[in-house]
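Sequence order for the protein chains is A and B.
For what it's worth, this note's numbering labels the leading residue of the first sequence as 875, then goes sequentially.
For what it's worth, this note's numbering labels the leading residue of the second sequence as 106, then goes sequentially.
Quick notes on the structure that follows.
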Amino acid sequence: DVKVTQSSRYLVKRTGEKVFLECVQDMDHENMFWYRQDPGLGLRLIYFSYDVKMKEKGDIPEGYSVSREKKERFSLILESASTNQTSMYLCASSLQGRDTQYFGPGTRLTVL
Amino acid sequence: DAKTTQPNSMESNEEEPVHLPCNHSTISGTDYIHWYRQLPSQGPEYVIHGLTSNVNNRMASLAIAEDRKSSTLILHRATLRDAAVYYCILRDGRAMAQKLVFGQGTRLTINP
């Protein structure tokens, strides 16, 4: 079974802190994605990566950056956390040429 | 991405079949129909997908209308564990790494 793991299920940070969310997949997938999920807004894509060191902006990249130094790991960075970044963050991965995305359990981030 | 329309909520009884409808009248010839579901406090998980023909797997069946403007996800014998939000999504089969556009989905309640 494909496994996508995220570093934390719940995280509480203060405004202005730098926040790192880590995602690891164990199936050698080329593509990795970061979404955020908010009530009434569905899932929105923040960034995705289709290869090591490659990244593409999604629909809402402002306030975020990403890092993909190894194929299995995709990190989301909030340079200076703000209260409007309180959300559920979901990581996903997929095989190149295949549509199916496999999601991690999510990290519920609260910024106070 | 072409738009899909689903009922906000549905209710069924345990051990009965469930038919979850999805309308996608603007679907293009290269769009695949994907279904994901999201159980409470978890990330979305893939259920099934198809292009033109009906599809079956261990989780569900997908019935696609002949004109492809609608589809139905069928859970043959619902259990309490099937209570989730079900998302119908269209994906262009020609695209490489691409976001999933989740709408509001259908919240399925299963009564014991």
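For each residue, glycine too, the CB sits at the ideal point set by N, CA and C.
Contact belief for residue i with residue j at Cβ below 8 Å, rounded distance in angstroms
i: residue 213 (chain B); j: residue 191 (chain B); result: 6 Å
i: residue 980 (chain A); j: residue 962 (chain A); result: 5 Å
C-beta atoms of residue i and residue j nearer than 7 Å
i: residue 148 (chain B); j: residue 914 (chain A); result: no
i: residue 127 (chain B); j: residue 143 (chain B); result: no
i: residue 153 (chain B); j: residue 168 (chain B); result: no
i: residue 137 (chain B); j: residue 173 (chain B); result: no
i: residue 215 (chain B); j: residue 189 (chain B); result: no
i: residue 115 (chain B); j: residue 211 (chain B); result: yes
Cβ-based burial, residue i [other Cβ within 10 Å; buried from 16]
i: residue 170 (chain B); result: exposed
i: residue 906 (chain A); result: buried
i: residue 970 (chain A); result: exposed
i: residue 910 (chain A); result: buried
Chain-ordered chain A contacts of residue i [CB-CB under 7 Å]
i: residue 148 (chain B); result: 964, 977, 978, 979 and 980
Rounded separation between residue i and residue j - CA only
i: residue 945 (chain A); j: residue 217 (chain B); result: 44 Å
i: residue 954 (chain A); j: residue 125 (chain B); result: 42 Å
i: residue 162 (chain B); j: residue 108 (chain B); result: 25 Å
i: residue 956 (chain A); j: residue 891 (chain A); result: 8 Å
i: residue 908 (chain A); j: residue 879 (chain A); result: 13 Å
i: residue 900 (chain A); j: residue 916 (chain A); result: 26 Å
i: residue 960 (chain A); j: residue 925 (chain A); result: 28 Å
i: residue 132 (chain B); j: residue 968 (chain A); result: 23 Å
Interface partners of residue i on chain A, CB under 8 Å
i: residue 208 (chain B); result: 916
i: residue 151 (chain B); result: 974, 975 and 976
Partners in chain A for residue i, counting only beta-carbon separations shorter than 9 Å
i: residue 156 (chain B); result: Near residue 156 (chain B) there are no residues of chain A at all, since even the closest Cβ is about 11 Å away, more than 9 Å.
Chain B contact residues for residue i, given Cβ-Cβ distances below 8 Å
i: residue 932 (chain A); result: 204
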